[in-house]
Amino acid sequence: MIERKRRKRSAQTADINVTPLLDIVFIMLIFFIVTTSFRKELGVDLDRPSNAPIQEQKRSEVIAVRIDATGQIFVEDRLVHAGAIRANIVSGLASKPDATVVVIADRATDSGLMVRVIDQARVAGAGKVSVAASTP
Amino acid sequence: MRQISRRKPDEEWEINITPMLDIVFIMLIFFIVTTSFVREPGIDPVRPLAQTAATKERANILIAVSSADQVWMNNRSVALHGIRQLVEAARAENPQSSVVIVADQTASTGLVLDLMDNVRAAGVTSIALAAEGVDSL
Chain L
608 MIERKRRKRS AQTADINVTP LLDIVFIMLI FFIVTTSFRK ELGVDLDRPS NAPIQEQKRS
668 EVIAVRIDAT GQIFVEDRLV HAGAIRANIV SGLASKPDAT VVVIADRATD SGLMVRVIDQ
728 ARVAGAGKVS VAASTP
Chain Y
2 MRQISRRKPD EEWEINITPM LDIVFIMLIF FIVTTSFVRE PGIDPVRPLA QTAATKERAN
62 ILIAVSSADQ VWMNNRSVAL HGIRQLVEAA RAENPQSSVV IVADQTASTG LVLDLMDNVR
122 AAGVTSIALA AEGVDSL
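Structure follows, in structure tokens:
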């Protein structure tokens, strides 16, 4: 050992000791491997208008989808079957191409139903979907 | 060249760790970049199905609503009016993060909408409702 050290100094080729660096790098690597979660959350985007005074939208620019407390769905005040929401919104969009779909749900309904209606509206091609709670 | 010839009589071979270091550093950088530190809300509700469900980038703030209408965030149940403060704190840590509300499909719509209003009051504009992709099943 002494022999080697002495000889190195004389040769002027001192190696940098990388062992502590490696230790730190490995510890960081293990930390990041353990904490990484690759699960990506899937979701539907929606627009939630504020309760503050909003500018009144013309009826012609809105397709209203109401969900009442019993889970019945009304597209433009017409009772529709859950499977027919999409077709109704498609026909609504045909007459008003740039309309916003407004989902007005009763506060007591399941949120799953609301998500389903929003999803159907998006599948139907609605550009903007906003949600509101019906006033009790 | 001089070094090699000097080492040989020494009979003391060292393993060259440079390629290993390269790989370890590349892995380290990869994991640093991809880590997003998602705080799990604490419960795993049944998400509604949606055909248009898209992957949310930077969805670091997760708020869950259970079927019994309890709001969960950061592994504990919180009151509805306490959400704003928690979201503000989470935003201060990572200002680019957006909020995903993981609502159980039987959670009440009124609570989910109130929750959205509270999140918006904390200054978050991009809010999404979590859903299960139809084709991912």
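Chains as they are written, first to last, in the numbering used here: chain L, 608 to 743; chain Y, 2 to 138. The C-beta atom is built at its ideal place from N, Cα and C for all residues, glycine as well. What you are looking at is a predicted structure, and each value in this text was computed from that prediction instead of being measured.
Checklist entry - Using 7 Å as the limit for Cβ to Cβ distance, is Ser737/L near chain Y? => result Start at 1 with the first residue of the first sequence, and residue 737/L comes out as number 130. No, because no Cβ of chain Y sits closer than 7 Å to the Cβ of Ser737/L.
Item to check | Residue-chain proximity (Arg693/L, chain Y), Cβ-Cβ < 7 Å | outcome: Reading the first sequence from its first residue, position 86 is the one you call residue 693/L. Chain Y, which has no Cβ nearer than 7 Å to the Cβ of Arg693/L, makes this no.
Item to check | Short CB-CB distance (under 7 Å) between Phe681/L and chain Y | outcome: Counting from 1 along the first sequence, the entry for residue 681/L is found at position 74. No, because no Cβ of chain Y sits closer than 7 Å to the Cβ of Phe681/L.
Checklist entry - Tell me, which residues are paired with Met74/Y by DSSP? => result For the purposes of this step, residue 74/Y is identified with residue 73 of the second sequence, where counting begins at 1. Residue pairing by DSSP places Met74/Y opposite Arg77/Y in a beta bridge.
Checklist entry - Are the C-beta atoms of Thr126/Y and some chain L residue less than 7 Å apart? => result As a position in the second sequence, residue 126/Y is number 125, starting the count at 1. With a threshold of 7 Å between beta carbons, Thr126/Y makes no contact with chain L.
Next on the checklist: If the criterion is Cβ atoms closer than 7 Å, does the pair Leu649/L and Thr56/Y meet it?
Outcome noted: Sequence index remark: in the first sequence, residue 649/L carries index 42 (1-based). Sequence index remark: in the second sequence, residue 56/Y carries index 55 (1-based). Result yes, Cβ atoms of Leu649/L and Thr56/Y sit closer than 7 Å.
Checklist entry - Straight-line CA distance for Ala706/L to Ala694/L? => result As a first step, residue 706/L is located in the first sequence; it is residue number 99 there, counting from the start. As a first step, residue 694/L is located in the first sequence; it is residue number 87 there, counting from the start. Spanning the two alpha carbons is a distance of roughly 15 Å.
Next on the checklist: Give me the DSSP bridge partner(s) of Asp717/L.
Outcome noted: Position 110 of the first sequence, counting from 1, holds the residue named residue 717/L. Asp717/L pairs with Ser109/Y.
Checklist entry - Going by Cα to Cα distance, which pick from Thr742/L, Leu686/L, Pro627/L and Pro704/L is closest to Ala712/L? => result Working through the first sequence from its first residue, we reach residue 712/L at position 105. Put simply, of Thr742/L, Leu686/L, Pro627/L and Pro704/L the residue whose alpha carbon is nearest the alpha carbon of Ala712/L is Thr742/L.
Item to check | Environment of Ala621/L [buried if 16+ CB atoms lie within 10 Å] | outcome: As a working note, residue 621/L is residue 14 in the first sequence. Ala621/L should be labelled exposed.
Item to check | Neighbourhood of Val47/Y by C-beta, 7 Å cutoff - its chain only, sequence neighbours within 5 removed | outcome: The residue given as residue 47/Y occupies position 46 in the second sequence. Excluding sequence neighbours, Val47/Y sits near Asp105 and Gln106.
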